[in-house]
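Some notes on the structure that comes next.
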Amino acid sequence: QLRDNLDGIFKSLRGQGKITDKHIADAMRDIRRSLLEADVNYTVAKDFIASIREKALGAQVIRSITPGQQIIKIIHEQMIELLGEGNAAIDFGGLPPVIIMVAGLQGSGKTTFVAKLAQYLKNQGKRPMMVAADIYRPAAIDQLIALGKQIALPVYSENSNNAVAICRNGLKSARESQANVLILDTAGRLHIDENMMNELKQIKSEIKPREILFVADGMTGQDAVNAAGAFENELQLTGIVLTKMDGDTRGGAALSIRAVTGKPIKFIGTGEKMSDLEPFFPDRFASRILG
Amino acid sequence: FGRESKVSDDFLDELEAFLFQSDLGTDSTDRLMEAIIAASRKKKIQNYEDVVKILNSELGKIFFKDELEIPIEKTSPFVIMVIGVNGAGKTTTIGKLAYRYRKEGKKVLIVAGDTYRAAAVEQLEKWAERAAVEIFKNAAAKNPSGLIFDGIQSGLAKKMDLIIVDTAGRLHNRTQLMDELTKIDRTIKKLIPDAPHEALLVLDGTVGQNGLVQAQEFQKAVPITGLVITKLDGTAKGGIVIAIKEKLNIPVKFIGLGEKIEDLKAFDPELYLRGMFA
Ligand SMILES: Nc1nc2c(ncn2[C@@H]2O[C@H](COP(=O)(O)OP(=O)(O)OP(=O)(O)O)[C@@H](O)[C@H]2O)c(=O)[nH]1
Ligand SMILES: Nc1nc2c(ncn2[C@@H]2O[C@H](COP(=O)(O)OP(=O)(O)OP(=O)(O)O)[C@@H](O)[C@H]2O)c(=O)[nH]1
Ligand SMILES: [Mg+2]
Ligand SMILES: [Mg+2]
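Set out below in structure tokens:
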């Protein structure tokens, strides 16, 4: 779609005639519209276009026989660069158990991801344990216990109304059972809910997780920057997970979240089965956003 | 958001950015901006309140008060089917709806039609308990159509006023799952030809342009009579419902404003707009 549009803008040139500012302006406008329709945040798209325009003007696009394709190449590279830096693997440094805290908005796919991650790490030879620290959602603990049974991995849970204590006791249980990875499932919450954000900060300060992963729904629209930005400010995330990418959303939220947090996207969820978890590949994803 | 009295280009740019960041999408944003620009040319915009007035009148052309009603009284049992993608808030919304109508004196039955996801039935059971309504479930059932058939039958036998059917979350690009939804719809019609009397598509308030695709695709599987947009107690504005109404003519019937049982409001376009600008 975008490729055709850009080819269309430049096809009147066909090897002769000079590329004008108008050509570039038209191209930028089309790119911007395409990014916005892909759910890239308005401000992130603006900054992204500015960097593209700069590169396009600097890159001798005017001399190219196929300026449209040249610009696409610049966009593609710039997007991969933006999406891709940083270590996308789980950090297993420090004394075991390595603690991974999972957080995010309601319904984004955290509980499912916790179980998928446990399965993934078990396949890598780790001994994971999960902690059911969502004390609010009806049957949240039942849900994680059921998933734990499906993948035959332990879930620590207790009948209490104190999420911090549950995590603390879960850590104790992990040490006693020699689990070497501990994954904390937390309740979905709004970034503007001060009490709930404080709960996460308390868990972080007491349990000291090695990884704090923000799980975001891949079809999130413009609000992605608000939630991700707030979670980053409050918790200093170590990574991002994008779920439900087996849908047909173009996933511009990935660019927005990456731009606003500066943190690496580590995994994407690609379905409801426990095996539907993939490490994140920036180049594949860039093609998807561009549509 | 600048609240200046003169309509400058800066003001228009800011307004456009604001509408766009509310997830209206490019087309609906363009259309509303045209109305604002036309009004400002006719000098009809002196201040910020005028902008809200224009947008209100535009929204008033898109949403109509009468189509927001759910005529529970018109038949018994009235059947509401609740559908949508994973995690949108279907099960929670059903708890809220059951509570609302039970408080109005209706005999409500919830049918636990999500036979797939871990602890889905337990979650809905908890909501039925909170709403003080009956629930039909079958832990052994694997086939949702079969279970929902039995549930509707039970609702008929018990002379329920209202039956609300929960379904498993599903992505609209999964053909098999969308076919399953069509099968559920046909199954319901075997018992009650006009049912479901209401098919509500639940959208996550944070959804972007994919929300429009969801509405398009779910509509093909089951005729949708209304939307519920959830999680508007967050910072998302849910503007995709404007695009959906303009393009598909599907009205919003309820908005979800939290995780408690009372956190459901009937959709009011004016209040919605005020909330957007809040
Ligand atoms: N198709 C698809 N569905 C997913 C994916 N990840 C999670 N889900 C589904 O999304 C829904 C919500 O998942 P949960 O794991 O309950 O989400 P959550 O973030 O724990 O929800 P809360 O605890 O209520 O905040 C469930 O129906 C999951 O099966 C994914 O990658 N693809
Ligand atoms: N803040 C807020 N959270 C909500 C609202 N509606 C639902 N939720 C939360 O969103 C999460 C998902 O809700 P569910 O009711 O399980 O969603 P679902 O569509 O049934 O999910 P699946 O059955 O897995 O597809 C839960 O944590 C709910 O408490 C709302 O209006 N506001
Ligand atoms: Mg959960
Ligand atoms: Mg549900």
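So the protein lines, in turn, are chains A and B.
Take 955 as the starting number for the first sequence in the working numbering and just add one per residue.
Take 5 as the starting number for the second sequence in the working numbering and just add one per residue.
Don't be surprised by glycine CBs; every beta carbon is placed ideally from N, CA and C.
Remember, it's a predicted structure, so these values are computed and weren't measured experimentally.
- Cβ-Cβ distances below 7 Å link B:F222 to I87, H176, L205 and I228 in the same chain, with the five nearest sequence neighbours on each side left out; the list follows chain order.
- Residue pairing by DSSP puts B:G117 in a beta bridge opposite B:T171.
- Collapsing the DSSP output to three states places A:Y1090 in coil.
- For B:P75, the secondary structure class from DSSP, reduced to helix, strand or coil, is coil.
- With a contact defined as Cβ atoms closer than 8 Å, B:L277 and B:N60 qualify at about 6 Å.
- Residue pairing of B:D208 in beta bridges, as defined by DSSP: B:T234.
- Residue environment analysis places A:A1043 among the exposed positions, since fewer than 16 neighbouring C-beta atoms fall within 10 angstroms of its C-beta.
- Between the region 150–161 of chain B and the region 1128–1145 of chain A there are fewer than three C-beta pairs closer than 8 Å, too few to call the two in contact.
- Distance from the CA atom of B:S149 to the CA atom of B:V89, rounded to whole angstroms, is 18 Å.
- Among the residues of the region 1118–1147 of chain A, those with a Cβ less than 8 Å away from any Cβ of chain B are L1144, H1145 and I1146, in the order of the chain.
- Taking 8 Å as the cut-off, the beta carbon of A:Q1176 is found no closer than this to the beta carbon of B:K235.
- The CB of B:A92 comes closer than 8 Å to the CB of G1061 in chain A, given here in chain order.
- By the neighbour-count definition (other C-beta atoms within 10 Å, threshold 16), B:K47 is an exposed residue.
- Looking at the DSSP output, A:P1082 bridges to A:V1135.
- At a C-beta separation below 9 Å, B:Q127 has these neighbours in chain A: R1091, P1092, A1093, A1094, D1096 and Q1097.
- Checking the DSSP bridge columns, you'll see B:T186 has no partner listed.
- Counting only runs of at least 3 residues, the region 1146–1212 of chain A fully encloses the following beta strand (DSSP E) elements, listed from N- to C-terminal order: 1165–1171 and 1193–1197.
- The C-alpha of B:G109 is placed about 42 Å away from the C-alpha of A:D1202.
- Interface with chain A (8 Å Cβ-Cβ cutoff): B:V112 is excluded.
- Inclusion of A:A1184 and A:L1037 in the CB contact set at 8 Å is not warranted, their separation being larger than that value.
- At a cut-off of 8 Å between C-beta atoms, A:A1213 does not count as an interface residue with respect to chain B.
- For chain A, none of the residues of the region 135–146 of chain B brings a beta carbon within less than 7 Å of one of its beta carbons.
- Taking A:T1174 as reference, the option from B:K264, B:E62, B:T171 and B:I244 with the minimal CA-CA separation is B:I244.
- Following the DSSP letters along the chain, one finds A:F1221 inside the beta strand (DSSP E) bounded by residues I1219 to G1223.
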